[in-house]
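Top to bottom, those sequences are chains G and Y. In case it helps, this note's numbering puts the first sequence at residues 11 to 121. In case it helps, this note's numbering puts the second sequence at residues 211 to 322. In this text, a Cβ means the ideal position worked out from N, Cα and C, and glycines have one as well. Please read these numbers as outputs of a predicted model, since none were measured by experiment.
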Amino acid sequence: IAGITQAPTSQILAAGRRMTLRCTQDMRHNAMYWYRQDLGLGLRLIHYSNTAGTTGKGEVPDGYSVSRANTDDFPLTLASAVPSQTSVYFCASSRQGIRQYFGPGTRLTVL
Amino acid sequence: DAKTTQPPSMDCAEGRAANLPCNHSTISGNEYVYWYRQIHSQGPQYIIHGLKNNETNEMASLIITEDRKSSTLILPHATLRDTAVYYCIVRVLTGTASKLTFGTGTRLQVML
């Protein structure tokens with residue numbers, strides 16, 4: 011069982027470019043989340059999804075969009091990347107709201 | 211959600227118990243206390259959670275005061291691999307997505 015996988019592991023991106031971070035889970039969890047973590051700080055929630063077909067905004071949603079077409083996948087898209095979106099991005103999932111399982115993260119640098 | 215307060219850093223000798231405190235004086239009756247940890251550059255890892263009774267699992271023990279205004283995470287025999295940032299989070303347990311709020315946590319350094 012892989013748990014949660016994220017791709018890519020790291021990426022350097024020019025400002026203004028579009029980028030999609032991928033997240034896949036094989037635990038059949040209903041809920042999924044995207045967080046960002048800036049250097050030296052705690053995680054902040056970007057978007058979440060209670061179940062396939064639904065999404066919601068977290069603490070810092072501006073500049074990001076998500077979709078949840080099925081249970082397993084929860085991609086995060088930056089439509090036009092800016093340097094302030096340089097961060098480490100973590101995807102997570104949970105069965106209902108009890109315990110979240112996190113992926114290994116994607117390190118994104120926007121120049 | 212109730213706000214939590216944790217010391218920014220702590221040291222612990224290997225093999226000794228690590229006791230990590232957390233204050234959550236504004237906690238409400240239906241809010242649980244969760245603990246996660248984050249080992250350098252990895253995704254956070256769930257440790258334990260509880261409502262009002264003390265809890266123990268294979269990783270740690272959670273002691274919640276009777277008034278529920280504070281709690282302590284105990285790692286009974288800390289090892290070097292327990293060096294990490296530990297986050298105390300207070301949240302209502304729901305049947306849907308749980309939007310956790312991570313603060314800056316406590317950086318635990320386990321030393322030889």
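Under a criterion of Cβ atoms nearer than 9 Å, the residues of chain G adjacent to Thr314 (chain Y) are, in order, Gly50, Leu51 and Gly52. Per the Cβ contact rule, the stretch 55–75 of chain G is not in contact with the stretch 268–278 of chain Y (fewer than 3 Cβ pairs under 8 Å). Within the stretch 87–116 of chain G, those residues whose Cβ lies closer than 9 Å to any Cβ of chain Y are, in chain order, Val98, Phe100, Cys101, Ala102, Ser104, Gln106, Gly107, Ile108, Arg109, Gln110, Tyr111, Phe112, Gly113, Pro114 and Gly115. Judged by pairs of C-beta atoms under 8 Å, the stretch 96–103 of chain G does not touch the stretch 285–294 of chain Y, as fewer than three such pairs exist. Less than 8 Å divides the Cβ of Ala41 (chain G) from the Cβ of Asn60 (chain G).
For the stretch 246–269 of chain Y, the set of residues with a beta-carbon nearer than 9 Å to any beta-carbon of chain G comprises Tyr246, Gln248, Ser251, Gln252, Gly253, Pro254, Gln255, Tyr256 and His259, in chain order. By the Cβ test, the stretch 29–46 of chain G is in contact with the stretch 85–100 of chain G, since at least three Cβ pairs between them sit closer than 8 Å. For a Cβ distance threshold of 9 Å, nothing in chain Y lies close to Tyr74 (chain G): the least Cβ distance comes to about 15 Å. Residue range Gln110 to Phe112 is occupied by the beta strand (DSSP E) that includes Phe112 (chain G).
Separation of Phe112 (chain G) and Pro254 (chain Y) (C-alpha to C-alpha, rounded to the nearest whole angstrom) is 6 Å. Each of G:Ala17, G:Ala91, G:Pro18 and G:Thr64 was checked against the Cα of Arg28 (chain G), and the nearest Cα belongs to G:Ala91. Rounded to the nearest whole angstrom, the C-alpha separation of Thr119 (chain G) and Tyr99 (chain G) is 11 Å.
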